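Trainee:
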Amino acid sequence: MKRKKSSLLWQLFWSYFGLVILTILIVVSITLKLVHDNAIDVTTNNLMHKSIVLEDLFSDRILSLSKSEFESYVVSIAEETQTRVTLILRNGAVYIDSNRQIESMDNHLARPEIKDAFALGKGISVRYSDVLKETMVYYAFRFSVPNDFDGVLRL
4 MKRKKSSLLW
14 QLFWSYFGLV
24 ILTILIVVSI
34 TLKLVHDNAI
44 DVTTNNLMHK
54 SIVLEDLFSD
64 RILSLSKSEF
74 ESYVVSIAEE
84 TQTRVTLILR
94 NGAVYIDSNR
104 QIESMDNHLA
114 RPEIKDAFAL
124 GKGISVRYSD
134 VLKETMVYYA
144 FRFSVPNDFD
154 GVLRL
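In this text, residue positions in the sequence shown follow the numbering used here: the first is 4, and each later residue adds one.
1) Take the Cβ of G126 as the centre, count every other Cβ of all protein chains shown within 10 Å, and call the residue buried at 16 or more, exposed below.
2) Bridge partners for R157 per DSSP, in chain order?
3) In this structure, what does DSSP give as the bridge partners for G126?
4) Less than 9 Å separating the beta-carbons of F121 and R145?
5) For K97, which residues from the same chain have a beta carbon less than 7 Å from its beta carbon, with the 5 sequence-adjacent residues on both sides left out?
6) Is I55 near V148, with beta carbons less than 9 Å apart?
7) Mind checking which residues open and close the beta strand (DSSP E) that includes V78?
8) Kindly indicate which residue of D133, Q14, A143 and T34 has the alpha-carbon position closest to the one of K118.
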(Lines of atoms letter the chains of each structure in order from A and count residues from 1; the text may use other names and numbers.)
(Lines give C-alpha, C1' and ligand atoms only; values in the text may rest on other atoms or scores of the structure.)
Protein backbone atom coordinates (compact mmCIF):
# COMPACT_ATOMS: atom_id res chain seq x y z
CA MET A 1 0.00 0.00 0.00
CA LYS A 2 2.82 2.33 0.92
CA ARG A 3 4.53 1.59 -2.37
CA LYS A 4 1.37 2.44 -4.38
CA LYS A 5 1.00 5.69 -2.43
CA SER A 6 4.65 6.58 -3.08
CA SER A 7 4.28 5.77 -6.79
CA LEU A 8 1.14 7.91 -6.99
CA LEU A 9 2.95 10.82 -5.31
CA TRP A 10 5.79 10.60 -7.83
CA GLN A 11 3.32 10.53 -10.70
CA LEU A 12 1.60 13.63 -9.30
CA PHE A 13 4.95 15.32 -8.73
CA TRP A 14 6.10 14.74 -12.33
CA SER A 15 2.70 15.80 -13.69
CA TYR A 16 2.79 19.06 -11.76
CA PHE A 17 6.45 19.56 -12.58
CA GLY A 18 5.64 19.15 -16.30
CA LEU A 19 2.77 21.64 -16.01
CA VAL A 20 5.03 24.17 -14.26
CA ILE A 21 7.72 23.82 -16.94
CA LEU A 22 5.11 24.14 -19.71
CA THR A 23 3.64 27.24 -18.05
CA ILE A 24 7.09 28.81 -17.72
CA LEU A 25 7.82 28.13 -21.40
CA ILE A 26 4.52 29.70 -22.46
CA VAL A 27 5.10 32.79 -20.30
CA VAL A 28 8.66 33.19 -21.61
CA SER A 29 7.47 32.82 -25.23
CA ILE A 30 4.73 35.41 -24.78
CA THR A 31 7.13 37.79 -23.02
CA LEU A 32 9.73 37.48 -25.79
CA LYS A 33 7.08 38.16 -28.43
CA LEU A 34 5.85 41.25 -26.55
CA VAL A 35 9.41 42.56 -26.11
CA HIS A 36 10.13 41.97 -29.81
CA ASP A 37 6.91 43.73 -30.89
CA ASN A 38 7.63 46.64 -28.55
CA ALA A 39 11.16 47.02 -29.93
CA ILE A 40 9.77 47.19 -33.47
CA ASP A 41 7.16 49.78 -32.41
CA VAL A 42 9.80 51.93 -30.69
CA THR A 43 12.13 51.69 -33.69
CA THR A 44 9.31 52.55 -36.12
CA ASN A 45 8.27 55.58 -34.06
CA ASN A 46 11.88 56.71 -33.86
CA LEU A 47 12.25 56.45 -37.64
CA MET A 48 8.98 58.32 -38.18
CA HIS A 49 10.17 61.20 -35.99
CA LYS A 50 13.54 61.31 -37.75
CA SER A 51 11.78 61.34 -41.12
CA ILE A 52 9.95 64.57 -40.25
CA VAL A 53 13.20 66.36 -39.47
CA LEU A 54 15.11 64.87 -42.39
CA GLU A 55 12.39 65.75 -44.89
CA ASP A 56 12.70 69.43 -43.97
CA LEU A 57 16.51 69.37 -43.99
CA PHE A 58 16.73 67.58 -47.33
CA SER A 59 14.00 69.62 -49.04
CA ASP A 60 15.95 72.80 -48.46
CA ARG A 61 19.34 71.38 -49.42
CA ILE A 62 18.46 69.32 -52.49
CA LEU A 63 17.68 72.49 -54.45
CA SER A 64 20.78 74.44 -53.46
CA LEU A 65 23.48 71.75 -53.74
CA SER A 66 24.95 69.71 -56.58
CA LYS A 67 24.29 65.96 -56.44
CA SER A 68 27.75 65.20 -55.01
CA GLU A 69 27.40 67.97 -52.39
CA PHE A 70 23.93 66.76 -51.50
CA GLU A 71 25.19 63.17 -51.24
CA SER A 72 27.93 64.31 -48.82
CA TYR A 73 25.32 66.20 -46.84
CA VAL A 74 23.07 63.10 -46.65
CA VAL A 75 26.00 60.95 -45.49
CA SER A 76 26.93 63.45 -42.76
CA ILE A 77 23.33 63.69 -41.52
CA ALA A 78 23.04 59.88 -41.58
CA GLU A 79 26.17 59.58 -39.46
CA GLU A 80 24.96 62.21 -36.98
CA THR A 81 21.58 60.54 -36.59
CA GLN A 82 23.02 56.99 -36.78
CA THR A 83 20.47 56.19 -39.44
CA ARG A 84 20.93 54.70 -42.89
CA VAL A 85 19.35 57.00 -45.46
CA THR A 86 18.41 55.95 -48.99
CA LEU A 87 16.77 58.10 -51.64
CA ILE A 88 15.02 56.10 -54.35
CA LEU A 89 13.81 57.45 -57.68
CA ARG A 90 10.33 56.83 -59.09
CA ASN A 91 11.68 54.01 -61.30
CA GLY A 92 13.16 52.22 -58.24
CA ALA A 93 16.79 53.13 -58.92
CA VAL A 94 18.76 54.20 -55.87
CA TYR A 95 19.69 57.88 -56.17
CA ILE A 96 21.74 58.17 -52.95
CA ASP A 97 22.55 55.75 -50.14
CA SER A 98 24.44 56.81 -47.05
CA ASN A 99 26.06 53.39 -46.51
CA ARG A 100 26.78 51.91 -49.94
CA GLN A 101 27.83 52.76 -53.45
CA ILE A 102 24.67 52.99 -55.52
CA GLU A 103 26.23 51.21 -58.52
CA SER A 104 26.20 47.93 -56.58
CA MET A 105 22.57 48.23 -55.46
CA ASP A 106 19.54 46.49 -56.94
CA ASN A 107 16.38 48.22 -58.06
CA HIS A 108 14.22 48.86 -54.98
CA LEU A 109 10.81 49.18 -56.64
CA ALA A 110 9.65 45.70 -55.54
CA ARG A 111 10.55 46.21 -51.86
CA PRO A 112 7.41 46.30 -49.71
CA GLU A 113 8.12 49.61 -47.96
CA ILE A 114 8.92 51.30 -51.29
CA LYS A 115 5.76 49.97 -52.98
CA ASP A 116 3.66 51.23 -50.07
CA ALA A 117 5.39 54.61 -50.00
CA PHE A 118 4.61 55.19 -53.68
CA ALA A 119 1.05 53.89 -53.37
CA LEU A 120 0.06 55.18 -49.92
CA GLY A 121 2.56 57.90 -49.08
CA LYS A 122 4.45 55.80 -46.52
CA GLY A 123 5.52 52.23 -45.95
CA ILE A 124 6.92 50.18 -43.10
CA SER A 125 8.62 46.84 -43.47
CA VAL A 126 10.35 44.49 -41.05
CA ARG A 127 12.53 42.12 -43.03
CA TYR A 128 15.93 40.50 -43.28
CA SER A 129 18.62 42.58 -44.96
CA ASP A 130 20.93 40.53 -47.19
CA VAL A 131 23.45 43.38 -47.08
CA LEU A 132 23.53 43.84 -43.30
CA LYS A 133 22.77 40.19 -42.48
CA GLU A 134 20.16 41.06 -39.84
CA THR A 135 16.48 41.82 -39.49
CA MET A 136 15.81 45.52 -40.05
CA VAL A 137 12.91 47.91 -39.68
CA TYR A 138 12.52 50.11 -42.75
CA TYR A 139 10.40 53.26 -42.88
CA ALA A 140 9.89 54.90 -46.28
CA PHE A 141 7.84 57.91 -47.27
CA ARG A 142 7.09 59.81 -50.44
CA PHE A 143 9.61 62.58 -50.92
CA SER A 144 9.13 65.09 -53.71
CA VAL A 145 10.72 68.42 -54.43
CA PRO A 146 9.08 70.22 -57.37
CA ASN A 147 11.22 70.30 -60.53
CA ASP A 148 14.03 68.36 -58.84
CA PHE A 149 13.28 65.04 -57.13
CA ASP A 150 10.34 62.63 -57.17
CA GLY A 151 10.77 59.46 -55.22
CA VAL A 152 11.01 57.94 -51.77
CA LEU A 153 13.18 58.62 -48.75
CA ARG A 154 13.85 55.46 -46.78
CA LEU A 155 15.32 55.18 -43.32
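Even for Gly, the Cβ is constructed at its ideal location relative to N, Cα and C.
Since the structure is predicted, the reported quantities are computational estimates derived from the model, not experimental observations.
Mentor: Taking the structure as given:
1) Translated into the one-based positions of the sequence shown, residue 126 becomes position 123. The C-beta of G126 has 16 or more other C-beta atoms within 10 Å across all chains shown, which makes the residue buried.
2) Numbered from its first residue, the sequence shown carries residue 157 at position 154. T89 and A143.
3) Taking the sequence shown and counting its residues from 1, the one referred to as residue 126 is at position 123. According to DSSP, G126 bridges with A143.
4) Taking the sequence shown and counting its residues from 1, the one referred to as residue 121 is at position 118. Taking the sequence shown and counting its residues from 1, the one referred to as residue 145 is at position 142. Against a cut-off of 9 Å, the Cβ pair of R145 and F121 comes out as a contact.
5) For the purposes of this step, residue 97 is taken as the residue at position 94 of the sequence shown. Correcting the residue type first, residue 97 is Val in the shown sequence and not Lys. Counting only residues of its own chain and dropping the five nearest sequence neighbours on each side, V97 has a CB closer than 7 Å to the CB of T89, I91, I105, M108 and H111.
6) Along the sequence shown, read from residue 1 onward, the residue named residue 55 stands at position 52. Along the sequence shown, read from residue 1 onward, the residue named residue 148 stands at position 145. It is not a contact, given that the beta carbons lie outside the stated cut-off.
7) To locate residue 78, count along the sequence shown from 1; it is residue 75. Run containing V78: none in the beta strand (DSSP E); it sits in the alpha helix (DSSP H), K70 to T84.
8) The count along the sequence shown starts at 1 and reaches residue 118 at position 115. That would be A143, whose Cα lies nearest to the Cα of K118.
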